[in-house]
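Residue numbering for the sequence shown is 1 to 276, as defined by UniProt numbering. By construction, the Cβ of each residue, glycine as well, lies at the ideal position given by its N, Cα and C atoms. Below: the structure, in C-alpha coordinates.
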Amino acid sequence: MSQLNIIVRLSAIHDKMTSNTSIQRRYTMKIIIAPAKKMIVDTDSFSTQSEPVFLNQTDQILNKLQSLTYTRAKELWQCSDKIARPNYEWLKKIDLRKNLTPAVLAYSGIQYQYMAPDLFTAPALDYIQQNLRILSGFYGILKAFDGIVPYRLEMQSSLSINNTVNLYQFWHDQIYNDLDFDNNIVVNLASQEYSKSVSPFLKPGEQLIDVVFGSLVDGKVKVKATLAKMARGEMIRYMAEHQVKVLSELKKFDHPDYKFSSSLSNDQKLVFLYQK
1 MSQLNIIVRL
11 SAIHDKMTSN
21 TSIQRRYTMK
31 IIIAPAKKMI
41 VDTDSFSTQS
51 EPVFLNQTDQ
61 ILNKLQSLTY
71 TRAKELWQCS
81 DKIARPNYEW
91 LKKIDLRKNL
101 TPAVLAYSGI
111 QYQYMAPDLF
121 TAPALDYIQQ
131 NLRILSGFYG
141 ILKAFDGIVP
151 YRLEMQSSLS
161 INNTVNLYQF
171 WHDQIYNDLD
181 FDNNIVVNLA
191 SQEYSKSVSP
201 FLKPGEQLID
211 VVFGSLVDGK
221 VKVKATLAKM
231 ARGEMIRYMA
241 EHQVKVLSEL
251 KKFDHPDYKF
261 SSSLSNDQKL
271 VFLYQK
(Lines of atoms letter the chains of each structure in order from A and count residues from 1; the text may use other names and numbers.)
(Lines give C-alpha, C1' and ligand atoms only; values in the text may rest on other atoms or scores of the structure.)
Protein backbone atom coordinates (compact mmCIF):
# COMPACT_ATOMS: atom_id res chain seq x y z
CA MET A 1 0.00 0.00 0.00
CA SER A 2 1.38 3.40 -0.95
CA GLN A 3 2.15 6.05 1.65
CA LEU A 4 -0.57 8.25 0.11
CA ASN A 5 -3.22 5.53 0.56
CA ILE A 6 -2.18 5.03 4.20
CA ILE A 7 -2.54 8.77 4.86
CA VAL A 8 -5.98 8.85 3.22
CA ARG A 9 -7.19 5.82 5.21
CA LEU A 10 -5.90 7.27 8.50
CA SER A 11 -7.63 10.55 7.70
CA ALA A 12 -10.92 8.73 7.05
CA ILE A 13 -10.61 6.81 10.34
CA HIS A 14 -9.93 10.08 12.19
CA ASP A 15 -12.97 11.73 10.60
CA LYS A 16 -15.18 8.79 11.59
CA MET A 17 -13.92 8.86 15.18
CA THR A 18 -14.45 12.61 15.38
CA SER A 19 -17.97 12.22 14.01
CA ASN A 20 -18.82 9.50 16.54
CA THR A 21 -17.43 11.61 19.37
CA SER A 22 -19.62 14.51 18.26
CA ILE A 23 -22.72 12.31 18.17
CA GLN A 24 -22.03 10.85 21.62
CA ARG A 25 -21.21 14.19 23.23
CA ARG A 26 -23.36 14.92 26.27
CA TYR A 27 -23.96 18.32 27.76
CA THR A 28 -24.16 19.09 31.45
CA MET A 29 -27.22 20.99 32.65
CA LYS A 30 -26.76 24.26 34.51
CA ILE A 31 -29.58 26.26 36.10
CA ILE A 32 -29.46 30.04 36.58
CA ILE A 33 -31.62 31.91 39.07
CA ALA A 34 -31.85 35.43 40.44
CA PRO A 35 -30.83 36.37 43.99
CA ALA A 36 -33.22 37.90 46.54
CA LYS A 37 -33.16 41.27 48.26
CA LYS A 38 -33.91 39.68 51.62
CA MET A 39 -30.82 38.02 53.10
CA ILE A 40 -29.84 36.36 56.36
CA VAL A 41 -26.68 35.19 58.12
CA ASP A 42 -26.56 31.45 58.88
CA THR A 43 -23.10 30.16 59.72
CA ASP A 44 -24.37 27.04 61.52
CA SER A 45 -26.68 24.99 59.27
CA PHE A 46 -24.16 24.10 56.53
CA SER A 47 -20.50 24.82 55.92
CA THR A 48 -19.40 26.82 52.91
CA GLN A 49 -17.60 24.73 50.29
CA SER A 50 -16.18 27.26 47.87
CA GLU A 51 -15.23 30.88 47.25
CA PRO A 52 -17.01 33.11 44.72
CA VAL A 53 -15.11 32.90 41.44
CA PHE A 54 -15.15 36.68 40.95
CA LEU A 55 -14.25 37.75 44.49
CA ASN A 56 -11.59 40.18 43.23
CA GLN A 57 -14.24 41.97 41.16
CA THR A 58 -16.52 42.03 44.20
CA ASP A 59 -13.72 43.76 46.11
CA GLN A 60 -13.77 46.50 43.48
CA ILE A 61 -17.54 46.90 43.76
CA LEU A 62 -17.37 47.00 47.55
CA ASN A 63 -14.68 49.68 47.49
CA LYS A 64 -16.88 51.78 45.21
CA LEU A 65 -19.95 51.30 47.40
CA GLN A 66 -18.01 52.19 50.54
CA SER A 67 -16.90 55.45 48.93
CA LEU A 68 -20.50 56.62 48.38
CA THR A 69 -22.17 59.21 50.56
CA TYR A 70 -25.33 58.16 52.37
CA THR A 71 -27.44 60.23 49.99
CA ARG A 72 -25.91 58.62 46.90
CA ALA A 73 -26.23 55.11 48.38
CA LYS A 74 -29.91 55.71 49.16
CA GLU A 75 -30.47 56.93 45.57
CA LEU A 76 -28.75 53.82 44.25
CA TRP A 77 -30.84 51.51 46.41
CA GLN A 78 -34.08 53.44 45.74
CA CYS A 79 -35.44 52.78 49.20
CA SER A 80 -36.63 54.57 52.34
CA ASP A 81 -34.42 55.87 55.15
CA LYS A 82 -35.69 53.02 57.32
CA ILE A 83 -34.11 50.52 54.92
CA ALA A 84 -31.18 52.62 53.71
CA ARG A 85 -29.75 53.62 57.10
CA PRO A 86 -28.97 50.10 58.49
CA ASN A 87 -27.76 48.97 55.06
CA TYR A 88 -25.39 51.93 54.87
CA GLU A 89 -24.03 51.21 58.35
CA TRP A 90 -23.57 47.54 57.41
CA LEU A 91 -21.83 48.54 54.19
CA LYS A 92 -19.05 50.22 56.15
CA LYS A 93 -18.39 47.01 58.12
CA ILE A 94 -18.59 44.35 55.40
CA ASP A 95 -15.78 41.80 55.37
CA LEU A 96 -16.03 39.53 52.34
CA ARG A 97 -13.98 36.78 53.98
CA LYS A 98 -15.51 36.41 57.45
CA ASN A 99 -18.83 35.14 58.89
CA LEU A 100 -19.83 33.60 55.59
CA THR A 101 -23.15 31.94 54.75
CA PRO A 102 -23.65 29.47 51.87
CA ALA A 103 -25.27 31.48 49.08
CA VAL A 104 -28.31 29.21 48.73
CA LEU A 105 -29.11 29.78 52.42
CA ALA A 106 -28.15 33.46 52.53
CA TYR A 107 -30.99 34.48 50.22
CA SER A 108 -34.38 34.13 51.90
CA GLY A 109 -36.88 35.50 49.37
CA ILE A 110 -39.95 33.64 48.14
CA GLN A 111 -38.11 31.57 45.54
CA TYR A 112 -35.63 30.30 48.13
CA GLN A 113 -38.34 29.60 50.71
CA TYR A 114 -40.14 27.38 48.20
CA MET A 115 -36.88 25.71 47.20
CA ALA A 116 -36.28 24.88 50.89
CA PRO A 117 -32.63 23.77 50.51
CA ASP A 118 -32.28 23.27 54.28
CA LEU A 119 -34.48 20.17 53.85
CA PHE A 120 -32.50 18.65 50.97
CA THR A 121 -30.91 15.21 51.12
CA ALA A 122 -27.15 14.92 50.64
CA PRO A 123 -27.47 13.95 46.93
CA ALA A 124 -29.80 16.92 46.33
CA LEU A 125 -27.32 19.27 48.00
CA ASP A 126 -24.53 17.88 45.81
CA TYR A 127 -26.74 18.41 42.76
CA ILE A 128 -27.31 22.12 43.40
CA GLN A 129 -23.63 22.71 44.18
CA GLN A 130 -22.74 21.22 40.81
CA ASN A 131 -25.60 22.57 38.70
CA LEU A 132 -27.21 25.63 40.27
CA ARG A 133 -25.79 29.11 39.64
CA ILE A 134 -27.09 32.26 41.31
CA LEU A 135 -26.57 35.48 39.33
CA SER A 136 -25.66 38.54 41.38
CA GLY A 137 -24.89 42.18 40.73
CA PHE A 138 -22.43 42.10 43.64
CA TYR A 139 -20.77 38.69 43.19
CA GLY A 140 -21.37 38.07 39.49
CA ILE A 141 -22.18 34.37 39.69
CA LEU A 142 -22.33 32.01 42.66
CA LYS A 143 -22.36 28.30 43.35
CA ALA A 144 -24.87 27.15 45.95
CA PHE A 145 -22.26 26.76 48.70
CA ASP A 146 -20.04 29.73 47.91
CA GLY A 147 -19.53 31.70 51.11
CA ILE A 148 -21.08 35.17 50.96
CA VAL A 149 -22.19 38.07 53.16
CA PRO A 150 -25.43 40.08 53.05
CA TYR A 151 -25.41 43.03 50.64
CA ARG A 152 -27.86 45.30 48.85
CA LEU A 153 -27.19 45.77 45.15
CA GLU A 154 -29.35 44.91 42.14
CA MET A 155 -27.93 44.01 38.74
CA GLN A 156 -29.77 46.91 37.11
CA SER A 157 -28.18 49.46 39.47
CA SER A 158 -26.50 52.41 37.76
CA LEU A 159 -23.21 52.02 39.62
CA SER A 160 -20.19 53.28 37.70
CA ILE A 161 -16.96 51.32 38.26
CA ASN A 162 -13.73 51.56 36.26
CA ASN A 163 -15.25 53.73 33.51
CA THR A 164 -18.33 51.53 33.08
CA VAL A 165 -21.77 53.11 33.39
CA ASN A 166 -23.56 50.21 35.08
CA LEU A 167 -23.12 46.66 36.34
CA TYR A 168 -24.03 45.09 33.00
CA GLN A 169 -21.03 46.84 31.47
CA PHE A 170 -18.83 46.03 34.48
CA TRP A 171 -19.56 42.30 34.32
CA HIS A 172 -19.72 42.32 30.49
CA ASP A 173 -19.28 38.67 29.34
CA GLN A 174 -17.69 37.28 32.52
CA ILE A 175 -20.89 35.65 33.81
CA TYR A 176 -21.65 34.22 30.36
CA ASN A 177 -18.12 32.80 30.04
CA ASP A 178 -18.30 31.13 33.45
CA LEU A 179 -21.43 29.24 32.38
CA ASP A 180 -19.36 27.50 29.67
CA PHE A 181 -22.01 27.11 26.97
CA ASP A 182 -19.62 24.91 24.97
CA ASN A 183 -20.30 22.11 27.45
CA ASN A 184 -23.55 23.11 29.15
CA ILE A 185 -27.23 23.53 28.42
CA VAL A 186 -28.40 26.38 30.66
CA VAL A 187 -31.93 26.39 32.08
CA ASN A 188 -33.01 29.97 32.70
CA LEU A 189 -35.08 30.37 35.86
CA ALA A 190 -33.81 33.91 36.41
CA SER A 191 -35.71 37.16 35.95
CA GLN A 192 -35.07 39.23 32.84
CA GLU A 193 -33.02 41.70 34.91
CA TYR A 194 -30.48 38.97 35.63
CA SER A 195 -30.65 36.86 32.48
CA LYS A 196 -29.72 40.04 30.56
CA SER A 197 -26.21 39.57 31.95
CA VAL A 198 -25.98 36.37 29.87
CA SER A 199 -28.28 36.48 26.83
CA PRO A 200 -26.56 39.27 24.79
CA PHE A 201 -23.42 37.14 24.48
CA LEU A 202 -25.00 33.91 23.22
CA LYS A 203 -23.54 32.48 20.03
CA PRO A 204 -25.49 30.53 17.38
CA GLY A 205 -26.25 27.01 18.57
CA GLU A 206 -25.76 27.75 22.28
CA GLN A 207 -28.71 26.74 24.43
CA LEU A 208 -30.27 29.04 27.01
CA ILE A 209 -33.67 27.50 27.73
CA ASP A 210 -36.22 29.91 29.20
CA VAL A 211 -38.75 28.42 31.61
CA VAL A 212 -42.05 30.30 31.81
CA PHE A 213 -44.71 29.84 34.50
CA GLY A 214 -47.90 31.64 33.56
CA SER A 215 -51.61 31.65 32.84
CA LEU A 216 -53.26 31.67 29.44
CA VAL A 217 -55.30 34.89 29.14
CA ASP A 218 -56.90 35.84 25.81
CA GLY A 219 -54.49 33.56 24.00
CA LYS A 220 -51.38 35.03 25.64
CA VAL A 221 -49.24 33.73 28.50
CA LYS A 222 -49.35 36.14 31.43
CA VAL A 223 -46.83 35.78 34.27
CA LYS A 224 -47.62 36.72 37.86
CA ALA A 225 -44.31 37.46 39.56
CA THR A 226 -45.03 35.98 43.00
CA LEU A 227 -46.51 32.75 41.64
CA ALA A 228 -43.60 32.42 39.21
CA LYS A 229 -41.06 32.82 42.02
CA MET A 230 -42.79 30.09 44.02
CA ALA A 231 -42.82 27.73 41.04
CA ARG A 232 -39.16 28.40 40.21
CA GLY A 233 -38.14 27.45 43.73
CA GLU A 234 -40.22 24.28 43.58
CA MET A 235 -38.78 23.37 40.18
CA ILE A 236 -35.23 23.61 41.52
CA ARG A 237 -36.20 21.33 44.41
CA TYR A 238 -37.76 18.89 41.93
CA MET A 239 -34.64 18.91 39.77
CA ALA A 240 -32.39 18.30 42.77
CA GLU A 241 -34.56 15.53 44.22
CA HIS A 242 -34.87 13.77 40.84
CA GLN A 243 -31.30 14.50 39.70
CA VAL A 244 -32.62 15.96 36.43
CA LYS A 245 -29.99 15.88 33.70
CA VAL A 246 -31.92 16.35 30.43
CA LEU A 247 -34.76 18.58 29.26
CA SER A 248 -37.14 15.67 28.69
CA GLU A 249 -37.01 14.97 32.44
CA LEU A 250 -37.62 18.64 33.23
CA LYS A 251 -40.84 18.60 31.19
CA LYS A 252 -42.17 16.02 33.67
CA PHE A 253 -42.04 18.58 36.51
CA ASP A 254 -44.73 17.36 38.89
CA HIS A 255 -46.67 20.33 40.29
CA PRO A 256 -50.33 20.45 41.42
CA ASP A 257 -50.92 23.87 39.84
CA TYR A 258 -48.77 23.83 36.67
CA LYS A 259 -48.72 21.57 33.64
CA PHE A 260 -46.24 21.53 30.76
CA SER A 261 -47.65 22.91 27.50
CA SER A 262 -46.06 21.29 24.48
CA SER A 263 -48.04 23.50 22.09
CA LEU A 264 -46.69 26.75 23.59
CA SER A 265 -43.14 25.48 24.09
CA ASN A 266 -40.29 25.30 21.59
CA ASP A 267 -36.58 24.49 21.42
CA GLN A 268 -35.69 27.62 23.41
CA LYS A 269 -38.64 27.87 25.79
CA LEU A 270 -40.53 25.55 28.15
CA VAL A 271 -43.98 26.84 29.13
CA PHE A 272 -45.89 25.59 32.17
CA LEU A 273 -49.50 26.78 32.46
CA TYR A 274 -51.36 27.48 35.68
CA GLN A 275 -54.27 25.06 36.01
CA LYS A 276 -56.53 26.73 38.60
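### Message
Which same chain residues end up closer than 8 Å to E193 when comparing Cβ atoms and leaving out the 5 residues on each side of it in sequence?
### Response
Numbered from its first residue, the sequence shown carries residue 193 at position 193. Taken in chain order, the residues that qualify are A34, E154, M155, Q156.
### Query
Within this structure, are the beta carbons of K64 and I161 separated by less than 8 Å?
As a working mapping, residue 64 is identified with position 64 in the sequence shown. As a working mapping, residue 161 is identified with position 161 in the sequence shown. Yes, they are a contact pair.
### Query
Grouping DSSP H, G and I as helix and E and B as strand, with all else coil, what is D180?
As a working note, residue 180 is residue 180 in the sequence shown. If DSSP states are grouped into helix, strand and coil, D180 belongs with coil.
### Query
Hey, A124 and E249 are a contact pair by Cβ (cut 8 Å); roughly how many whole angstroms apart?
Position 124 of the sequence shown, counted from the start, is the residue given in the question as residue 124. Position 249 of the sequence shown, counted from the start, is the residue given in the question as residue 249. That pair is no contact at about 15 Å.
### Message
Is the separation between the beta-carbon of Q87 and that of R152 shorter than 8 Å?
### Response
The residue you call residue 87 lines up with position 87 of the sequence shown. The residue you call residue 152 lines up with position 152 of the sequence shown. According to the sequence displayed, residue 87 carries Asn and not Gln. It is a contact, given that the beta carbons lie within the stated cut-off.
### Query
Around the Cβ of R97, are there at least 16 other Cβ atoms within 10 angstroms (buried) or fewer (exposed)?
By one-based count along the sequence shown, residue 97 stands at place 97. R97 should be labelled exposed.
### Query
Based on the DSSP output, what are the partners of R133 in its beta bridges?
Working through the sequence shown from its first residue, we reach residue 133 at position 133. According to DSSP, which records beta bridges pairwise, R133 is partnered with I32, K143.
### Task
Can you say whether K229 is buried or exposed, counting buried as having 16 or more other CB atoms within 10 angstroms of its CB?
By 1-based counting over the sequence shown, the position of residue 229 is 229. So K229 ends up on the buried side.
### Among F120, D42, N183, nearest to N99 - alpha-carbon criterion
Position 99 of the sequence shown, counted from the start, is the residue given in the question as residue 99. Here the closest residue by C-alpha is D42.
### Message
With three or more beta-carbon pairs closer than 8 Å as the criterion, would you say the segment 70-79 touches the segment 109-125?
### Response
no
### Query
Candidates S195, V186, N184: which alpha carbon is nearest W171's?
As a first step, residue 171 must be located in the sequence shown, where it is residue number 171. Taking only the C-alpha atoms, the option nearest W171 is S195.
### Query
Whose C-beta lies closer than 8 Å to the C-beta of K259 among residues of the same chain, with five residues either side of it excluded?
For the purposes of this step, residue 259 is identified with residue 259 of the sequence shown, where counting begins at 1. Excluding residues within five positions, the ones whose Cβ falls inside 8 Å are F272, L273, Q275.
### Query
By a C-beta neighbour count over all protein chains shown, 10 Å radius and 16 as the cutoff for buried, is I13 buried or exposed?
By one-based count along the sequence shown, residue 13 stands at place 13. Annotation note: pLDDT 34 at I13 (below 50); position unreliable, no value reported.
### Query
Opposite N188 in the DSSP bridges: which residues?
By 1-based counting over the sequence shown, the position of residue 188 is 188. DSSP, once it has assigned bridges, lists I32, D210 as partnering N188.
#### Entry: Terminal residues of the beta strand (DSSP E) in which V221 lies
Within the sequence shown, the letter at position 221 stands for residue 221. Where V221 is concerned, the enclosing beta strand (DSSP E) stretches over 220-222.
#### Entry: Closest residue to Q129 among S136, F145, P117 (Cα-Cα distance)
In the sequence shown, the residue the question calls residue 129 occupies position 129. Closest option to Q129, Cα to Cα, is F145.
### Query
In whole angstroms, what is the alpha-carbon distance linking N183 and N177?
Taking the sequence shown and counting its residues from 1, the one referred to as residue 183 is at position 183. Taking the sequence shown and counting its residues from 1, the one referred to as residue 177 is at position 177. Spanning the two alpha carbons is a distance of roughly 11 Å.
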